[in-house]
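First the structure, in the form of structure tokens, and then the observations on it.
Numbering (this note's numbering), first residue to last: 505 to 890.
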């Protein structure tokens, strides 16, 4: 019998604010955090972004870390601490077998850019995770995953598998990604940035807005959480990962990788497509992604499409952190009983699904997608804890 994996805490930092309270308020009121570049020193100021509204110095002061540390690490610390506090793990002493698993791709590139050509090994993706783990304290081990935009979702999957195998008692899993010139210029070279706020699934969509942020979930077995008196927020009932390797950056026309990831998640959860009450789509706003994901959604759900929306117009595309940031959005939707509506959508595209308007009501099962370059696609299903 498979272990039931539950979420006992969550923390988030994004363009919507620092913490779950600010995030919930923004999602429910339809307030976007995407706007002009403020903190990143870039020549591409014509492109809106979803920046966290704090300088490195302000983040460092808030968490007590050195202001010279990478922005990716500073955001990690803020989100990890919120997740641990909600899980009742403020004191890490005596909590053995605790592991941190974090997804990131940019790492400390923001600092590397300032001192190039001198490069420091402290700027690698793994070093950013290690810094956060050491600063927060109490972790037996730290692991970094880097699979582009599915990184944080894959960190959650890896954490669940560690728990099911008995290799640890508790996992803090998620991801963090800061904006950098390497980041922004790279997507600009692909010609998939939009000079206007992004419009997922809209006929006029022209690309994505990049964002930044961090989010982490505290994962435990149900037995472990109840034994220490924790109250589960939700159940990680299903997950799936597939790689169709269609193209380095583009998605296949029929959404094969996305289809396989979603169907695997449903199978693992023991659910039918009709059981899903809301889908948080990857929905980047690029012509290719939205049409491909729509094809996959139609293959999975047919004529019984649940409410679907992309929350990237709220935060920008937070790339490696998007899987965990949007997982927190799904937890909030489950707990508070609402569907975040699709911002900036006006004109239907026959190639795309028609996204959801904001609504309220009881949600029992929600699915979230995170798709990475190279066709590394992951889906997570969260279910209400009864």
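The beta carbon of each residue, even a glycine, is placed where N, CA and C say it ideally should be. On a predicted model such as this, the values are computed, not experimentally measured, just so you know.
- Query: Rounded to whole angstroms, how far is the Cβ of residue 744 from the Cβ of residue 767, which I believe are closer than 8 angstroms?
  - Reply: Residue 744 to residue 767, Cβ: 7 angstroms. Contact.
- Message: Here's the rule I'm using: 16 or more other beta-carbon atoms within 10 Å means buried, otherwise exposed. How should residue 579 be labelled?
- Response: That one is buried.
- Spatially closest choice to residue 538 from 553, 640, 590, by CA coordinates: Cα-wise, what sits closest to residue 538 is 553.
- Task: Pair every Cβ in the stretch 525-534 with every Cβ in the stretch 818-836, then say whether three or more of these pairs are closer than 8 angstroms.
- Result: The count of Cβ pairs closer than 8 angstroms, one atom from the stretch 525-534 and one from the stretch 818-836, reaches three, so the stretches are in contact.
- Residues near residue 574 in its chain [Cβ-Cβ closer than 6 angstroms; skip 5 each side]: Exclusion of the five residues before and after residue 574 leaves 612, 615, 632 as the residues of its chain whose Cβ lies within less than 6 angstroms of its Cβ.
- Is it buried or exposed for residue 851, if we count other Cβ within 10 angstroms and need 16 for buried? So residue 851 ends up on the exposed side.
- Item | Backbone secondary structure at residue 518 - three-state DSSP | In this structure, residue 518 counts as strand in the three-state DSSP scheme.
- Message: Is the separation between the beta-carbon of residue 747 and that of residue 639 shorter than 9 angstroms?
- Response: Contact: no.
- Task: Given a cut-off of 9 angstroms, decide if residue 778 and residue 857 are closer than it, judged by their beta-carbon atoms.
- Result: Cβ atoms of residue 857 and residue 778: not closer than 9 angstroms.
- Message: Distance check for residue 738 and residue 780, CA to CA, integer angstroms please.
- Response: Distance between the alpha carbons of residue 780 and residue 738 is about 15 angstroms.
- Item | Per-residue DSSP class, three states only, for residue 850 | Here DSSP, grouped into helix, strand and coil, assigns residue 850 to coil.
- Which ranges would you report for the beta strand (DSSP E) in the stretch 734-817 if only whole runs of at least 3 residues count? Correct list: 738-747, 782-784.
- Compute the distance between the beta-carbons of residue 544 and residue 685, then report whether it is under 9 angstroms. Contact flag set, yes.
- Task: Pull up the distance between the alpha-carbon of residue 549 and that of residue 700, whole angstroms please.
- Result: Roughly 12 angstroms separates the two Cα atoms.
- Query: Under a Cβ-count criterion, where at least 16 other Cβ atoms within 10 Å of its own Cβ denotes burial, should residue 887 be classed as buried or exposed?
  - Reply: Classification for residue 887: buried.
- Query: Are residue 813 and residue 679 closer than 9 angstroms when you measure CB to CB?
  - Reply: A distance of 9 angstroms or more separates the beta carbons of residue 813 and residue 679.
- Sort out for me which residues DSSP pairs residue 471 with in a bridge. The structure shown does not extend to residue 471, since the chain spans only 505 to 890, so no value can be given for it.
- Answer with buried or exposed for residue 695, where buried requires no fewer than 16 other C-beta atoms within 10 angstroms of its C-beta. Flag for residue 695 reads exposed.
- Item | Exposure label - residue 859; buried when at least 16 CB within 10 Å | Of the other Cβ atoms in all chains shown, 16 or more fall within 10 Å of the Cβ of residue 859; this residue is therefore buried.
- Query: With 16 other CB atoms within 10 Å as the buried threshold, where does residue 882 fall?
  - Reply: A buried status is given to residue 882, since no fewer than 16 other beta-carbon atoms sit within 10 Å of its beta-carbon.
- Task: Ignore the nearest five residues each way along the sequence and tell me which others in residue 690's own chain have a CB closer than 8 angstroms to its CB.
- Result: Result list for residue 690: empty, nothing under 8 angstroms.
- Item | residue 867, DSSP secondary structure in three states | Judged by DSSP in its simplified three-state form, residue 867 adopts coil rather than helix or strand.
- Message: Checking 9 angstroms against the spacing of the C-beta atoms, do residue 819 and residue 717 come in under that value?
- Response: In this structure, residue 819 sits near residue 717, with a CB-CB distance shorter than 9 angstroms.
- Message: Please tell me whether residue 618 has its Cβ less than 9 angstroms away from any Cβ of chain B.
- Response: Considering every chain present, this structure includes no chain B. It has just one protein chain.
- Which stretch, first to last residue, makes up the alpha helix (DSSP H) that contains residue 691? Secondary structure note for residue 691: its alpha helix (DSSP H) is the uninterrupted segment 685-693.
- Task: Tell me where the alpha helix (DSSP H) around residue 880 begins and ends.
- Result: Annotation for residue 880: no alpha helix (DSSP H) segment contains it, though the beta strand (DSSP E) segment containing it runs 880-888.
- Distance, Cα to Cα, residue 654 vs residue 763? Within the model, the alpha-carbon separation for residue 654 versus residue 763 is close to 15 angstroms.
- Task: Write down the C-beta distance between residue 817 and residue 848 rounded to the nearest angstrom, noting that I regard them as a contact closer than 8 angstroms.
- Result: Correct: roughly 5 angstroms between the Cβ atoms.
- Message: Looking only at its chain, what residues have a beta carbon closer than 6 angstroms to the beta carbon of residue 571, apart from the 5 residues adjacent to it on each side?
- Response: Correct list, in chain order: 560, 561, 564.
- Message: Using a Cβ-Cβ cutoff of less than 6 angstroms, which residues in the same chain neighbour residue 541 once the five nearest sequence positions on both sides are dropped?
- Response: Around residue 541: 549, 553.
- Query: Can you tell which of 703, 657, 525 has its C-alpha closest to the C-alpha of residue 815?
  - Reply: When only C-alpha atoms are compared, the closest one is 703.
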